[in-house]
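Which chain is which? The protein sequence lines are Y and V, in order.
Here this note's numbering is used: position 20 in the first sequence is 777, and no number is missing along the way.
Here this note's numbering is used: position 283 in the second sequence is 1040, and no number is missing along the way.
One structure is given below, encoded as structure tokens.
There are 2 protein chains.
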Amino acid sequence: MQAAIITVGDEILIGQVIDTNSAYLGQKLSEIGIQLKKTFSVGDQHNEIILGLSQALNESDIVFMTGGLGPTKDDITKKAIADFLGVELFFHQETFDRIKRIFDRMERPMSPSHNDQCLMPQGVHILKNSMGTAPGMLFYHQGKRIISMPGVPYEMKSIMEEEVMPILRAESPNVILHKTILTCGVGETTIENKISDIVSSFPPNIKIAYLPALAQVRLRISGIGQNESELQQLVTHYTNLISDRISDVVYGYGETSLEKEIYSLSIEKGLKIGTAESCTGGLIASKLVSVPGSSAYFMGGIVAYSNDIKINILKVDKDTLAEHGAVSEATVMEMVDGAIEVLGVDMAVAVSGIAGPDGGTLEKPVGTIWICAGSRHHKVTYLLKAGKDREKNIEIASVYALNLLRKFISET
Amino acid sequence: MQAAIITVGDEILIGQVIDTNSAYLGQKLSEIGIQLKKTFSVGDQHNEIILGLSQALNESDIVFMTGGLGPTKDDITKKAIADFLGVELFFHQETFDRIKRIFDRMERPMSPSHNDQCLMPQGVHILKNSMGTAPGMLFYHQGKRIISMPGVPYEMKSIMEEEVMPILRAESPNVILHKTILTCGVGETTIENKISDIVSSFPPNIKIAYLPALAQVRLRISGIGQNESELQQLVTHYTNLISDRISDVVYGYGETSLEKEIYSLSIEKGLKIGTAESCTGGLIASKLVSVPGSSAYFMGGIVAYSNDIKINILKVDKDTLAEHGAVSEATVMEMVDGAIEVLGVDMAVAVSGIAGPDGGTLEKPVGTIWICAGSRHHKVTYLLKAGKDREKNIEIASVYALNLLRKFISET
Chain Y
758 MQAAIITVGD EILIGQVIDT NSAYLGQKLS EIGIQLKKTF SVGDQHNEII LGLSQALNES
818 DIVFMTGGLG PTKDDITKKA IADFLGVELF FHQETFDRIK RIFDRMERPM SPSHNDQCLM
878 PQGVHILKNS MGTAPGMLFY HQGKRIISMP GVPYEMKSIM EEEVMPILRA ESPNVILHKT
938 ILTCGVGETT IENKISDIVS SFPPNIKIAY LPALAQVRLR ISGIGQNESE LQQLVTHYTN
998 LISDRISDVV YGYGETSLEK EIYSLSIEKG LKIGTAESCT GGLIASKLVS VPGSSAYFMG
1058 GIVAYSNDIK INILKVDKDT LAEHGAVSEA TVMEMVDGAI EVLGVDMAVA VSGIAGPDGG
1118 TLEKPVGTIW ICAGSRHHKV TYLLKAGKDR EKNIEIASVY ALNLLRKFIS ET
Chain V
758 MQAAIITVGD EILIGQVIDT NSAYLGQKLS EIGIQLKKTF SVGDQHNEII LGLSQALNES
818 DIVFMTGGLG PTKDDITKKA IADFLGVELF FHQETFDRIK RIFDRMERPM SPSHNDQCLM
878 PQGVHILKNS MGTAPGMLFY HQGKRIISMP GVPYEMKSIM EEEVMPILRA ESPNVILHKT
938 ILTCGVGETT IENKISDIVS SFPPNIKIAY LPALAQVRLR ISGIGQNESE LQQLVTHYTN
998 LISDRISDVV YGYGETSLEK EIYSLSIEKG LKIGTAESCT GGLIASKLVS VPGSSAYFMG
1058 GIVAYSNDIK INILKVDKDT LAEHGAVSEA TVMEMVDGAI EVLGVDMAVA VSGIAGPDGG
1118 TLEKPVGTIW ICAGSRHHKV TYLLKAGKDR EKNIEIASVY ALNLLRKFIS ET
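Written as structure tokens, this is what we have:
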């Protein structure tokens, strides 16, 4: 089965909004083995939508549309679909009743434009939208399908998860399984080279995808087959083979993250954690705090951007700063000690580096970043040699710092 | 003139990569008055690229392509363009010489696959790529144009800025001018309503675009005309009218940001600044630090996630916490005082709130966030009532906090 996507909206074409819906849909379709052949973005224009639909249906079996279902006059997807199919719009009472209930609950009146949201092309199959007023729509047309959903990402995602994916999964003759390995600290190419013999030995129904981000790579191992338990075994077998080969960089499986791993490990071990940040300026702490419930283990941190704060609050020795400099192994080790003391925690992570663009020297060029994770009695350090880009350096340093902290906690 | 974009690459269709190039190109084209009619994404497939090119050229005068120009065997854009145009590839010696110079400088050998990067379709006009090895290409075809660029965003942008935009600007009979007003703290609809009479009075050659982000809206006023100085006057006139009307929410013009404004104001006034963050967990500090050179005024911050740290480091009174709670006006005011004292700064900003998803009460529901900016002797506070989404609440709170700090510094 081949698919196409049409995203509708002037705001995409003038670059006001980056289209993230297509990437999400592409991922979902690839997970269940449907090949996405093409995506289009068109403006809020009747003839462009119709032309897009006819081109897309020409080349694929199922067309996903997002956008143009809102209550304003720009939103013309339904009229365009009706004209493309050669049918009329009719007033869909159940949709009206549902929208009215939502407004009644909020004690707000419905506006006349919401009546337009209840108009549906004849032949529609309603796809429930549990996150908003405009439902999704499914149409059958000459043995093919059109699925139209709102452009608001969380509404579209909820319709996909709750309504569309179950249909597509149920009709697939095959079972498709995925396992994701999360790694930190080495690049895609390095991993590819290390596991190339394993990948070459894959049977034809097992595949691997590399999903890279800054300083992290996710490996998705997918299997397709008819016998679920056999497939489960096969995917697990290859996931384990790969994991074992690169075990030094693997930090988890599935939907986790470094922050979530640190959260679970710290809670499990009953540890209180803190941070001491210079060049990352609070980014590490803010990542830890992004996990709901982090107050159960994360006490707080010191952003010691100036040397005075390193000295006065973190009690870094003036002589250490004078002798080794603020960007040094000795300084980050003392920052960890200071953070443990002043924050009253069991363990801390500290970072000090030259993020750039200025401040580099011959000995310590821009991108030189020292990291330390540790407790009062035991510490590990890492010297990161990053690039010239300030924003990237700060992000990479915080990812490496989280990973060093995670390793330290897990090995304690 | 009408344009289309074709982005090439399997990584886009399987959702590994979000296509940000189209939004960038859409913005650039709309800035110079070229209408983008459609964007496509196709896979690394010869026939799909050719089909896309023929559809795109059918509907538009100029087609921008990104992707598929790298040195690996997936990258087949050039062969597809050559076949579409019915021409051969030839070895472009100047490109070879340029790539060789780059590799010589890095003291690394060229690989055979780099020879392929020197093959060009006959009739090519080279567009210099100052950020990478693969040059951009311009072709004339039946009175229309094809522009092909690498998919790496910073390479594509550099070719657009340095090579393509000058050509497009030069051939436009019109001058196009833009001014951008930056606002914080109110939504798009509120601004739209406040200035609707001004927008209705625009002459036909003046337009406005609303570019919203979380808690911020940029307003872009554009003018098109033949006389540059008259147009300049006209755009300035309407920009001033709008700015004056919504002056309470305007914080700058053009390419600035809240962080950059705080940087400039603090340096100008010779102030040292610090932060004290509870629910934002270091995000405010990390935003301040994202501006190069921020160490000249930003000393550091305390992430006081636990009450112990509020008490022990920021010297918030235990009685204040007991009586008013950690999320209260009294607490954030004491956090500012504590930060000023312990960080040795002139002014500070503090935030304490309930980011969610848990921790809300009837009196203080999730999304209740107190902010204070001030000096030892004078403080301003703000009660933000945000929503239920943890990630959004943290982001919105940090934007409001930066804005409150900016106002406080500017009015001091």
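Where a beta carbon is used, it is the ideal one built from N, C-alpha and C, also for glycine.
Any chain V beta carbon closer than 9 Å to residue i
i, result
"P1049(Y)", "yes"
"V1093(Y)", "no"
"L1015(Y)", "no"
"A966(Y)", "yes"
"V774(Y)", "yes"
"G809(Y)", "yes"
"P907(Y)", "no"
"T823(Y)", "no"
"G1113(Y)", "yes"
"Q879(Y)", "no"
Start and end residues, alpha helix (DSSP H) containing residue i
i, result
"H803(V)", "803-816"
"F860(Y)", "850-863"
"A780(Y)", "778-788"
"F1170(Y)", "It is not possible to answer for residue 1170(Y), since the shown part of chain Y is limited to 758 through 1169."
"K835(Y)", "834-842"
"E920(V)", "That residue, E920(V), is in no alpha helix (DSSP H); it is neither H nor E in DSSP."
"A1042(Y)", "1040-1046"
"I1068(V)", "1064-1069"
"T1037(V)", "Taken as a continuous stretch (DSSP letters only), T1037(V) belongs to no alpha helix (DSSP H), as it is neither H nor E."
Where the beta strand (DSSP E) containing residue i begins and where it ends
i, result
"A1130(V)", "1125-1132"
"K936(V)", "932-941"
"S986(V)", "Note, S986(V): premise wrong, no beta strand (DSSP E); alpha helix (DSSP H) at 985-1002."
"E1034(V)", "1030-1034"
"V1060(V)", "1055-1061"
"I1178(V)", "Limits of chain V in this structure are 758 at one end and 1169 at the other, which puts residue 1178(V) out of reach."
"V1006(V)", "Taken as a continuous stretch (DSSP letters only), V1006(V) belongs to no beta strand (DSSP E), as it is neither H nor E."
Beta carbon proximity, residue i to chain Y, threshold 9 Å
i, result
"V956(V)", "no"
"Y897(V)", "no"
"I1070(V)", "yes"
"L1040(V)", "yes"
"S787(V)", "yes"
"G980(V)", "no"
"C875(V)", "no"
"Y1157(V)", "no"
"P1173(V)", "The shown model of chain V, from 758 to 1169, leaves out residue 1173(V), and the question about it has no answer."
"S1085(V)", "no"
"S817(V)", "no"
"C1036(V)", "yes"
Any non-hydrogen atom of the ligand COA within 8 Å of residue i CB
i, result
"V932(V)", "Although the ligand COA was asked about, the structure shown includes no ligands whatsoever."
Neighbouring residues, chain Y, relative to residue i (Cβ below 7 Å)
i, result
"Y1062(V)", "V1046, S1052, F1055, M1056, G1057"
"S929(V)", "Within 7 Å Cβ-Cβ: nothing; S929(V) doesn't reach chain Y, min ~17 Å."
One or two residues paired with residue i in a DSSP bridge
i, result
"S979(V)", "H935(V), K964(V)"
"A891(Y)", "None, per the DSSP bridge assignment."
"Q973(V)", "C941(V), A970(V)"
"V765(V)", "V799(V)"
"P878(Y)", "L846(Y)"
"I883(Y)", "M894(Y)"
"A760(Y)", "L793(Y), I819(Y)"
Cross-chain neighbours of residue i in chain V, by beta carbon under 7 Å
i, result
"V1123(Y)", "Within 7 Å Cβ-Cβ: nothing; V1123(Y) doesn't reach chain V, min ~11 Å."
Neighbouring residues, chain Y, relative to residue i (Cβ below 8 Å)
i, result
"R902(V)", "What R902(V) touches in chain Y: nothing, since even the nearest Cβ is about 19 Å away."
"R1147(V)", "S1047, P1049"
"F1165(V)", "Within chain Y, no residue comes near F1165(V); the closest Cβ sits about 20 Å away, beyond 8 Å."
"E805(V)", "K794, K795"
Within chain V, the residues that residue i reaches when beta carbons sit closer than 9 Å
i, result
"D1065(Y)", "M1056, G1057, L1100, G1101"
"T1032(Y)", "G1039, V1060"
"S1043(Y)", "E1034, T1037, G1038, G1039, L1040, I1041, A1042, S1043, V1060, I1151, S1155"
Contact set between residue i and chain Y, taken where Cβ atoms lie within less than 9 Å
i, result
"F797(V)", "K795, T796, F797, S798"
"Q784(V)", "I771, G772, Q773"
Contact set between residue i and chain V, taken where Cβ atoms lie within less than 8 Å
i, result
"Y781(Y)", "G772"
"S953(Y)", "Result: empty, since nearest Cβ-Cβ is about 15 Å, beyond 8 Å."
Which full runs of the beta strand (DSSP E) of 3+ residues lie inside the stretch 1092-1158 of chain V, going along the chain?
Within the stretch 1092-1158 of chain V, the runs of beta strand (DSSP E) that reach at least 3 residues and sit entirely inside it are, in chain order, 1104-1110, 1125-1132, 1136-1142.
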